[in-house]
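Numbering (my numbering), first residue to last: 377 to 661. Read through the structure below, which is laid out as structure tokens, and then see the notes.
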Ligand SMILES: [Ca+2]
Ligand SMILES: [Ca+2]
């Protein structure tokens, strides 16, 4: 009988130990992920709200895309982060329609008290994105992203997920010097856009030319001049500068800060420079 009691006591102690070991961990669990499907970009695929300082995580199935780009777009200026995998590292970020950037560099825009409004310098009215957005090259991978409300009050938001063609009709063959597009001095169509992070646009200038370089927005688009063997010989040229390009050289247009944008925020133009001859002073009366 005593042996039976001892055995029962041992069994009870063992159960207690096993029970203690299987107690749920106190380590915080990663946020739940909401899986989303792409649509045509007209309707939201998700609507929600976030208290100050809170985040939500989502995934999208890249296999739904048939065009070369995927757009992840919010209708609010909240912090949008693309991750390299579920609960992974930050690949790209955006806090406004003005641009998105590699790493966390797209999170520089301060929100005004959680109202979702931005300071005036950050507003780019010509951007087709409704709020923060990131554009990526389409692939069949499942992509993960988070939305964070870094403002001081609650914020509501909608998510749009859709595929898209490049606005830049020279993509993506112009990413190397071998695929450079010929600059046409008489045309008004020497234009492009830096639409994904790391985009490079090469142009070939056959005849010596004076070219006006114009761009705008917050993408930080610059141009460099290269010789035929690919050697960089001048630049960066900034918005509003005139480029004197010897015959047979190349131009490479990129973002100087690993940024890109959607629509007009990321456009640039190369046009033949026209010398403005000042009017002769009127003769003395
Ligand atoms: Ca481009
Ligand atoms: Ca390109």
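Cβ coordinates follow ideal geometry from the N, Cα and C atoms, glycine included.
Item	Value
Contacting residues, own chain, Cβ-Cβ under 8 Å from residue 556 (five flanking each side not counted)	550, 578, 579, 580 and 626
Residue 546, DSSP secondary structure in three states	coil
Option in 421, 410, 597 and 596 with minimal Cα separation from residue 536	421
Pair within 8 Å by beta-carbon distance, residue 593 and residue 641	yes
heavy atom of ligand 2 below 7 Å from residue 560 C-beta	no
C-beta contact flag for residue 587 and residue 621 at 8 Å	yes
Residue 567 CB to nearest heavy atom of ligand 4 below 7 Å	Within the structure as shown, ligand 4 is missing, the only ligands being ligand 1 and ligand 2.
Simplified DSSP state of residue 691, which is helix, strand or coil	No answer is possible for residue 691: it lies beyond the span of the chain, which begins at 377 and ends at 661.
Assigned exposure category for residue 446 - 16 Cβ within 10 Å defines buried	buried
Residues that residue 568 bridges to, as DSSP identifies them	644
Residues of its chain near residue 431, where Cβ-Cβ distance is below 6 Å and the 5 sequence neighbours each way are ignored	522 and 524
Through-space distance from residue 520 to residue 490, alpha-carbon basis	Here residue 490 scores only 33 on pLDDT, less than 50, and its place in the model should not be relied on; the value that follows carries that caveat. Cα to Cα, residue 490 sits roughly 24 Å from residue 520.
Rounded separation between residue 516 and residue 438 - CA only	4 Å
At least 3 beta-carbon pairs within less than 8 Å: the region 408 to 428 vs the region 526 to 546	yes
Local conformation of residue 437 per DSSP, three classes	strand
Residue 507 and residue 450 closer than 8 Å at C-beta	yes
For residue 449: DSSP bridge partner residues	509 and 536
Which of helix, strand or coil DSSP assigns to residue 464	coil
Residue 643 Cβ short of 7 Å to ligand 2 heavy atom set	no
Of the listed residues 601, 415, 505 and 653, nearest to residue 618 (C-alpha basis)	601
Backbone secondary structure at residue 639 - three-state DSSP	helix
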